[in-house]
Structures are given as C-alpha cells and as structure tokens.
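Asker: As given, the protein sequences belong to chains C and E, one line each in that order. In terms of the working numbering, the first sequence opens at residue 1 and continues consecutively. In terms of the working numbering, the second sequence opens at residue 1 and continues consecutively. We treat Cβ as the ideally placed atom computed from N, Cα and C, and that holds for glycine.
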Amino acid sequence: MKTKLFFFLLSVIFIMASSATPQGLTFRGYGRTYLGLLTDDGSYSIQQNTLDLRLEHKRDKTALFVNPYIYQYPDREINLKLRQAYLDIYFNKFDIRLGKQQIIWGKADGVFITDIISPKDLSEFLLPDFEEIRIGVDALKLNYYLGDHTLELVWLPRFQPTIFAEPTSIWAPKMMDFPIEPTFDYSNFQIESKLSNSEIAAKYSALTSAIDFELMAGYLWDDNPTNHIRKQIDPVTRQINRLIVLPQYHRLTMGGGSFSTTLGAWVLRGEGAYYNGKFFNSTNPVYTDGTVQKDYVHYLLGLDYSLWDIRLSGQFIQEAILDYEPEIYQDEYNNMATFLASRDFLRETVNLQLFVYYGFNNEDALVRPKLTYDFADGFEILLGANIFTGHSEGWFGQYKKNDMVYAKIKYSF
Amino acid sequence: MKRLIISTVIALLAISTVSFAKKDLTGLDIITKVYNRDDGNDQTGDLTMTLVNKFGDQRVRKIKQYIRDFGDVEKKIMFFLEPADVRNTSFMNWSYTEAGRDDDQWIYLPALKKVKRISSDSKSDYFMGSDFTYDDLGDRHPTEDTHKLLRTEKIGDEECYVVESIPKEADYMYSRTVTWVIKDKWIGLKKEFYDEDGDLLKILTINKYEKINNYWTILDTEMKNVQKDHKTLMRLANVKYDTNISDQQFTERMMKRGL
Numbered sequence: 001m002k003t004k005l006f007f008f009l010l011s012v013i014f015i016m017a018s019s020a021t022p023q024g025l026t027f028r029g030y031g032r033t034y035l036g037l038l039t040d041d042g043s044y045s046i047q048q049n050t051l052d053l054r055l056e057h058k059r060d061k062t063a064l065f066v067n068p069y070i071y072q073y074p075d076r077e078i079n080l081k082l083r084q085a086y087l088d089i090y091f092n093k094f095d096i097r098l099g100k101q102q103i104i105w106g107k108a109d110g111v112f113i114t115d116i117i118s119p120k121d122l123s124e125f126l127l128p129d130f131e132e133i134r135i136g137v138d139a140l141k142l143n144y145y146l147g148d149h150t151l152e153l154v155w156l157p158r159f160q161p162t163i164f165a166e167p168t169s170i171w172a173p174k175m176m177d178f179p180i181e182p183t184f185d186y187s188n189f190q191i192e193s194k195l196s197n198s199e200i201a202a203k204y205s206a207l208t209s210a211i212d213f214e215l216m217a218g219y220l221w222d223d224n225p226t227n228h229i230r231k232q233i234d235p236v237t238r239q240i241n242r243l244i245v246l247p248q249y250h251r252l253t254m255g256g257g258s259f260s261t262t263l264g265a266w267v268l269r270g271e272g273a274y275y276n277g278k279f280f281n282s283t284n285p286v287y288t289d290g291t292v293q294k295d296y297v298h299y300l301l302g303l304d305y306s307l308w309d310i311r312l313s314g315q316f317i318q319e320a321i322l323d324y325e326p327e328i329y330q331d332e333y334n335n336m337a338t339f340l341a342s343r344d345f346l347r348e349t350v351n352l353q354l355f356v357y358y359g360f361n362n363e364d365a366l367v368r369p370k371l372t373y374d375f376a377d378g379f380e381i382l383l384g385a386n387i388f389t390g391h392s393e394g395w396f397g398q399y400k401k402n403d404m405v406y407a408k409i410k411y412s413f
Numbered sequence: 001m002k003r004l005i006i007s008t009v010i011a012l013l014a015i016s017t018v019s020f021a022k023k024d025l026t027g028l029d030i031i032t033k034v035y036n037r038d039d040g041n042d043q044t045g046d047l048t049m050t051l052v053n054k055f056g057d058q059r060v061r062k063i064k065q066y067i068r069d070f071g072d073v074e075k076k077i078m079f080f081l082e083p084a085d086v087r088n089t090s091f092m093n094w095s096y097t098e099a100g101r102d103d104d105q106w107i108y109l110p111a112l113k114k115v116k117r118i119s120s121d122s123k124s125d126y127f128m129g130s131d132f133t134y135d136d137l138g139d140r141h142p143t144e145d146t147h148k149l150l151r152t153e154k155i156g157d158e159e160c161y162v163v164e165s166i167p168k169e170a171d172y173m174y175s176r177t178v179t180w181v182i183k184d185k186w187i188g189l190k191k192e193f194y195d196e197d198g199d200l201l202k203i204l205t206i207n208k209y210e211k212i213n214n215y216w217t218i219l220d221t222e223m224k225n226v227q228k229d230h231k232t233l234m235r236l237a238n239v240k241y242d243t244n245i246s247d248q249q250f251t252e253r254m255m256k257r258g259l
C-alpha cells in the first residue's frame, strides 16, 4: 500500500512539473536530509530524508490546499502522510475551511497553553519543527470578520490524541513508577467516532493598534490519556499481587485568553487558560483507581526585545493545580521558562540562534544552539545540538542520555 | 499616501502645487515638499530586490505590496513571494501621521501559522538582508532632521537642489545625509548616507522614474554600500494607483490568506 502511495505521489510530482499543470495551481515544497548523532555513544539518533509538497489552487471564492509528505528512514518503513488537506470558501464577511488542517491559537512561543486544538506528534519529543509537531485535525472552521475583529468557530467531528514515541524509541516518555510490573488494559482506550464525541471550540480575537488579544473556550478531549490503576491485593500477604493500568481519555473544558502589545521597544505577551476537570494520578488510597479530578490553570508571560541586533525573548510559564492534594503525582506548581537569542549575520545569510527550555521544579533544561547558513536562495544548511541536562525526573532531564548534534540540508522550491 | 512605498524609499519627491520662489527655498522647504508629495490614495506594485555581493553573486527577493492612505494612518501589507523558503510570509505596517507615534507592525510566519506583533523600534535593521534599512524605506518626517540647502548642481540633464539633513536624534544610525532633489520635478535623484563617524556609508541612485497616473513614481533604484562593496537593486513594476483597495486588505485575515 505504501509503495502504491509512493508511486502515486511521484506521479503527482511529474504531472505537476509538466505543461499539463492547471492554471492557478502553485506547487511548492522542500526536500530535506537530516542526520543526528548521539554524543553519548556515537550512534545515529535519526537518519531521515523528507519530501514535503504543498499543492494549492486558488480561485476568487475558493481554494484547495494539499500538503502530503514523506519521511524516509534507512531502518524504518517509509512514512507517507497528509499534514493538511482542506478546502477554503471565501464569503464577504466570513470564510469556511473544511478538511484536515492545523489550527493554531495563542501567543506563546514553543509552549502549548491555549494552543490545544491541533494535537502534537511527540514521537521525537519537541525536536522537529513545530509545523511537523502539530497534527492536522479533521475540522470545520468558520471565521466571521468584523473589521479587525474575528470570531472563529471550530468543530472537530473526530478526536485525535497526542502521538507519543514508541516504547522502544529513545524519545519514549518516562513511565510512572509502579511497585510491581503492571499489565495494561486498553479496553477503554479508543474514543468512538460519533457526534457526541466531537469537540467544539470558539475564539474571539482582535488585532488593534493598542493591543492584540484572543478569548477562547472549548469543550474538548484531553489529548493525553490518564492511567487509571486497579490493584489486586493478595488476601494472605495483604500485598499488591496484580496491577492493571487502564489508559483512558477524558473530556476537558477550557477557557482562556492571550494578548500581545508593544511597550516602546518591548513586546509584552501573555496567555492563560483555565482547565476544568482534568484527571491527575494520585497515591491517595481513597481514590480506588489512582486518579483524582482537579481544575488547573496554565499561563505565560513573555517579553521580546532587540539589543545590538540580537533578538531576545524570554517567557515564564506556570501550571498550577487548584485545590491541590499532596498525594497527587504531579507538583502543585510546575514552573518553566524559555529563552531565545537570535542574530543574523552576512546580510541575513547566516543566523545564529540559542533556544533554551528550563524547568524550575527539577532544574532540568533543553539547550538548543543552531547555526543556519543560506548557501543560496532556498538552500539552507543547518548545524545544531540538543543538550538535555538536569534531574532525570524532569520533562527534559529524562532524556539526558540523548544529547545530540545534527545537520540538516534543506532545498525549498 | 505619504510614502512611496518602499519605493519611496528613496526619498523622493513630488510636484508641489504651491509655488515657492526658488531663491526663498530652504532645505526644510524642499524636503517637506518631497514628504508631502501627492501619491494617490492607494498603490499596488510588484517589488524585486536583487542583492549583489562584492563577488557579483546575486540573491533575489520578490514582494507584492499594497498601500492605502486612511488619512490619519497609512496601512501597508507586503506578501513575500521569493525566495521559496519565505513564500507566504506577510508583513503589515500601520504608520501614523501623529508626530512621535510609533508604527504598529505584524508579521505572519506560515510555518508557525501565527500573526506576531513585532516592535517597530528597530528601524536601523536591514530589510530582508538588503542594503535598505526599514527607515530608508519608510516615511521619515522632515522635522526629525535639520535641513540645509547647500547648493544647486546638475546631474546629467537635471538641475538639482543639494540638501544636507542632520538628524536631531543623537544616536541615529546616520550622522548626516545629502540629497540631490530635481528642480521642478521634485524627485530625489541621489542620496548619500554618512555613518556615525562621518564617513560615507551608502549611495542611493535613482536610475528610472516616470509619471504613472500623473504621479511621479520611482521604478529603478540602486543602494550601494561603499564600505562593504555590496549593493541592492530595487525595481518596482506593475504599479497601479487609486484602484480603491478595500480596507479589508489590511487585516489579519489577509495576512493569513496570502495572495
């Protein structure tokens, strides 16, 4: 099947490249080769070749956009998918977008607070470009415009969860600690595709001279499953003799907002959300399935500034569980910060950038320096490193054996 | 519209309906006439910038731009077409007539699918790696500099006023500029930019200008950095004036939708 798809895609390329290309069709994309090396043992963390195509046809009132892509690995099956494939219909005061699409909300950089409509592909943690991390969702999106104000309504008929790395991957997330080896029961894991399981969300936004802001709300699903835990106690020894983990998705209601404004040379950004009824794991024996439902808030404040031609950006992010109980597996407050410094050289043909995630709770970090050189227009050479430090309990520290250096060469057309 | 686009760049000039006796003209008069030049209510055009390094290697940037004057604010939106890796990026600028009020600026990055507000404070930054800074391309108000008419001088067949402009701001990127303004046509044919040490940094030359819809329009420009020996050629094509561009063109909706 994959082979057929591959040849189908090749056929599309040749047709597009031929004189038979329909008028008004644009055909863009990029090819990229990517090699990563683990500094720990010198093994290759990734060898990937990518072909990413963007086909677009526009008329006055309608448009079609399709974005197929191929990931080819020497040691894995070829991966051909559609990142987006949608139709646009333009009216005087509103637009409709129908199909598989990435829907991005919020003002945060590199952090997901209100930006929870499109789930994430974390099969390589947060290392790919964000365009590749965000999964296109099947959705109907309606945008109504009144001057610089926009009302956006989104309906997702089918739930799509976060994609995590395979258990054998070096990017597999650390599991909870269990007293004995658990068995997994996936009987309640799937969300049936039916109307009552669809997701809805709305956003009101404005872009004005003084401030840009968004207000949003959604009746969604938590993209990450909760592990419900069943214990069986040996009646003789009174010890746990069997542990069953039942991963399950739950509804999540969210309300939030974001803003961005300038203060002289500074850009001040903020974003926050209130989440109602998320399930957290708890060791409190009162909760027989090892979970408790709590509300939580997640917010961010960020500042952008330029100094000596260096673009600087800092963000502070906090996640706080309300009505907290000490037995909850997760900390009451989870504090994080990000830092970005970026400078162009040689008429913007060279860019040097440093991006850092820092987790205060576990004093862990992900440090990402990279050097990009535009060898020619549309031809980019990128050298970089991903350095993980800190406590292995931390979100970044868990990968501290995965420090890597990498090179990417990208040809855009 | 107060600026001639990027094109404006250049500083240049317009035909004033007010008549000054030439002997009474001051440097400020000349630059003010340039600034107040009537260039229509709106303008569209295709802009091509060719960046040439000292070895002669070229890089090309192509942009489609729309500009409209709303009275107290001039709005401009630019869609980047080339190179391929920046295609569908868009940039929007709202520039106010109110003295001292900063521009509002946003950029849409298609990879992030977000419109980001950016600070307009970095006017000394170079635009897309070219030899033009944002301020070179923009709308510098005559009151921001002290102007002095140095002399009159001929360039080719054109008789020009030569005006020196010294910024009032202490830390401005140029210590002074000198502009050659064509008499009667009121077009700046040449401009020299001097760095903070007083040394010649860049020379702007207009190679082609013509009247389109009765507005003087600068079509071909060259900005040469004499210290680094590289230059940028800027060409404006398909210029249209007063096509009644909708105010909806200058919105987040259009930044995201693109061309």
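Could you pull out every unbroken beta strand (DSSP E) segment of at least 3 residues lying fully inside the segment 90-132 of chain C, listed in chain order?
Answerer: You should have 94-101, 121-126.
Asker: Determine which residues of the segment 94-105 of chain C have a Cβ less than 7 Å from any Cβ of chain B, and write them out in chain order.
Answerer: In the structure shown, chain B cannot be found, because the protein chains are C and E.
Asker: Count the other CB atoms within 10 Å of the CB of residue 186 of chain C; is the residue buried (16 or more) or exposed (fewer)?
Answerer: Residue 186 of chain C is exposed by the Cβ-count criterion.
Asker: So with CB distances below 7 Å, who are the chain E contacts of residue 384 of chain C?
Answerer: Per Cβ cutoff of 7 Å: no residues; residue 384 of chain C is ~16 Å from chain E at best.
Asker: Let me make sure I understand the geometry here. Which of C:228, C:213, C:102, C:79 has the alpha-carbon closest to that of residue 87 of chain C?
Answerer: Out of C:228, C:213, C:102, C:79, C:102 has the C-alpha closest to the C-alpha of residue 87 of chain C.
Asker: Can the beta-carbon of residue 388 of chain C be found closer than 8 Å to that of residue 366 of chain C?
Answerer: Yes, Cβ-Cβ distance for residue 388 of chain C and residue 366 of chain C is below 8 Å.
Asker: What is the DSSP secondary structure of residue 22 of chain E, reduced to helix, strand or coil?
Answerer: Legend: pLDDT at residue 22 of chain E = 48, less than 50; position of this residue unreliable, no value from coordinates given.
Asker: Pull up the DSSP beta-bridge partners for residue 280 of chain C, would you.
Answerer: Its beta-bridge partners are C:292.
Asker: Could you tell me which of E:218, E:207, E:164, E:259 sits nearest to residue 137 of chain E, measuring between CA atoms?
Answerer: Of the candidates E:218, E:207, E:164, E:259, the one whose C-alpha sits nearest the C-alpha of residue 137 of chain E is E:218.
Asker: In chain C, which residues lie with their C-beta within 9 Å of the C-beta of residue 111 of chain E?
Answerer: Neighbours of residue 111 of chain E on chain C, chain order: 129, 130, 131.
Asker: What does residue 368 of chain C pair with, by DSSP beta-bridge criteria?
Answerer: Answer is C:355, bridged to residue 368 of chain C.
Asker: Going along chain C, which residues have a C-beta under 8 Å from residue 251 of chain E?
Answerer: Correct list: 145, 147, 148, 207.
Asker: List the DSSP bridge partners of residue 310 of chain C.
Answerer: Answer is C:307, C:343.
Asker: At what residues does the alpha helix (DSSP H) containing residue 255 of chain E begin and finish?
Answerer: Looking at the DSSP string, the run of the alpha helix (DSSP H) that includes residue 255 of chain E is 252-257.
Asker: Apart from the five residues just before and just after residue 237 of chain E, which ones in its own chain have a Cβ nearer than 6 Å to its Cβ?
Answerer: Once the five neighbours on either side are set aside, the close Cβ partners of residue 237 of chain E are 46.
Asker: What residues match up with residue 148 of chain E in a beta bridge as DSSP calls it?
Answerer: Note: residue 148 of chain E sits in a beta bridge opposite E:164.
Asker: So if I threshold CB-CB distances at 7 Å, which residues from the segment 165-196 of chain C count as touching chain E?
Answerer: So nothing in the stretch comes that close.
Asker: Leaving out five residues on either side along the sequence, give the residues of the same chain with a beta carbon under 6 Å from the beta carbon of residue 196 of chain E.
Answerer: These residues qualify, in order along the chain: 175.
Asker: Any idea what DSSP makes of residue 142 of chain E, helix, strand or coil?
Answerer: Here residue 142 of chain E sits in helix by DSSP.
Asker: Can you list the beta strand (DSSP E) stretches of 3 or more residues lying completely in the segment 178-214 of chain E, in chain order?
Answerer: Entirely contained in the segment 178-214 of chain E, the beta strand (DSSP E) runs reaching 3 residues are, in chain order, 188-194, 200-212.
Asker: Kindly indicate which three-state DSSP category residue 34 of chain E falls into: helix, strand or coil?
Answerer: Reduced to three states, the DSSP call for residue 34 of chain E is helix.
Asker: Per the DSSP calculation, residue 231 of chain E is bridged to which residue(s)?
Answerer: BP columns for residue 231 of chain E point to E:52, E:224.
Asker: If contact is defined by three or more beta carbon pairs under 8 Å, each pair taking one atom from either stretch, is the segment 154-174 of chain C in contact with the segment 222-239 of chain C?
Answerer: Cβ pair count under 8 Å is three or more, so yes.
Asker: With a threshold of 6 Å on Cβ separation, who are the neighbours of residue 439 of chain C within its own chain once the five nearest residues in sequence on each side are excluded?
Answerer: With chain C represented from 1 up to 413, any question about residue 439 of chain C goes unanswered, as that position is not in the structure.
Asker: Taking Cβ positions, are residue 148 of chain C and residue 201 of chain C nearer each other than 8 Å?
Answerer: No. Outside cutoff.
Asker: Measure the C-alpha to C-alpha separation of residue 4 of chain E and residue 201 of chain E and round it to an integer number of angstroms.
Answerer: Interpretation of residue 4 of chain E is limited by its pLDDT of 41, a score under 50 that renders its predicted location unreliable; no figure is taken from the coordinates.
Asker: Roughly how far, in whole angstroms, is the beta-carbon of residue 104 of chain E from the beta-carbon of residue 306 of chain C, given that I think they are within contact range, below 8 Å?
Answerer: The Cβ separation is near 16 Å, so there is no contact.
Asker: Taking 8 Å as the threshold (C-beta atoms), are residue 316 of chain C and residue 364 of chain C in contact?
Answerer: Taking 8 Å as the Cβ cut-off, residue 364 of chain C and residue 316 of chain C do not qualify as a contacting pair.
Asker: Please state if the CB of residue 206 of chain E and the CB of residue 233 of chain E are separated by a distance shorter than 8 Å.
Answerer: No. Outside cutoff.
Asker: Cβ of residue 28 of chain C less than 8 Å from any chain E Cβ?
Answerer: At least one chain E Cβ lies under 8 Å of residue 28 of chain C.
Asker: Any beta carbon from chain C within less than 8 Å of residue 85 of chain E's own beta carbon?
Answerer: Yes, residue 85 of chain E counts as interfacial toward chain C.
Asker: Give me the Cα-Cα distance between residue 77 of chain E and residue 122 of chain C, rounded to the nearest whole angstrom.
Answerer: So the two alpha carbons sit approximately 36 Å from each other.
Asker: Residue 104 of chain E versus chain C: which residues are under 8 Å apart at the beta carbon?
Answerer: Within chain C, the residues near residue 104 of chain E are 209, 262.
Asker: Which word fits residue 182 of chain C, buried or exposed, when buried means at least 16 other C-beta atoms lie within 10 angstroms of its C-beta?
Answerer: Answer is buried; the Cβ neighbour count reaches 16.
Asker: Three or more C-beta pairs under 8 Å: does that hold for the segment 141-154 of chain E against the segment 25-36 of chain E?
Answerer: Verdict: yes, contact present.
Asker: Does DSSP put residue 384 of chain C in a helix, a strand or coil?
Answerer: In the structure shown, residue 384 of chain C sits in a strand (DSSP, three-state: E or B).
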